[in-house]
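Scroll down for the structure; my scribbles are underneath it.
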Amino acid sequence: ADGRRDVAWFTARGTELTEDDWYAPGRSLGMYLSGRDLPARDAGGAPVVDDSFLLFLHADPEPAELTLPGTPWGASYEVVVDTAREGQEEAPGTVHAAGAT
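Mapping the sequence shown onto the numbering used here, position 101 (from 1) lands on 197, and the numbers just tick up by one.
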């Protein structure tokens, strides 16, 4: 009951998409996939909990500043892959606080 759903959609500002946002001309879209409340159970019958993921897509040749969603979605986010950075200046494992850009 903390407000998180299995899937949530975000703007580049880190806010949840409204119905109007779906029709706005923006070129960035974020998707949060929750790793909790999975229907699977382990061998002992306990609920299976996995990692949650936040994916941002940006379809414009110009760079954009993206803001990471805050609570209840996450307190911090770990970069796993960043295809916008040729040299991957921030190595996988870099952690950013929620609300950071």
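Cβ atoms here follow ideal geometry from the backbone N, Cα and C, with glycine treated the same way. Nothing here was measured: the structure is a model prediction, and the numbers come from that model.
Continuous alpha helix (DSSP H) stretch holding residue i: start and end
i	result
Glu158	Careful: Glu158 lies outside any alpha helix (DSSP H) and carries neither H nor E.
Glu112	First-last for Glu112: undefined, no H or E at that position.
Nearest-angstrom Cα separation, counted from residue j out to residue i
i	j	result
Gly122	Ala108	8 Å
Thr190	Tyr173	8 Å
Ala155	Tyr119	15 Å
Thr114	Leu129	18 Å
Arg100	Pro157	32 Å
Gly166	Arg137	29 Å
Of the listed residues the options, nearest to residue i (C-alpha basis)
i	options	result
Ala180	Arg101, Leu151, Asp138, Ala104	Leu151
Val103	Trp169, Ala194, Ala193	Trp169
Ala142	Phe106, Val177, Arg132	Arg132
Beta-carbon proximity check, residue i vs residue j, cutoff 8 Å
i	j	result
Asp146	Leu134	yes
Gly195	Gly126	no
Span of the beta strand (DSSP E), counted from its first residue to its last, around residue i
i	result
Tyr128	124 to 129
Ser148	Ser148 -> no beta strand (DSSP E), and no H or E assigned at all.
Val191	191 to 193
Those residues which DSSP pairs with residue i across a bridge
i	result
Arg137	Pro143
Val103	Leu129
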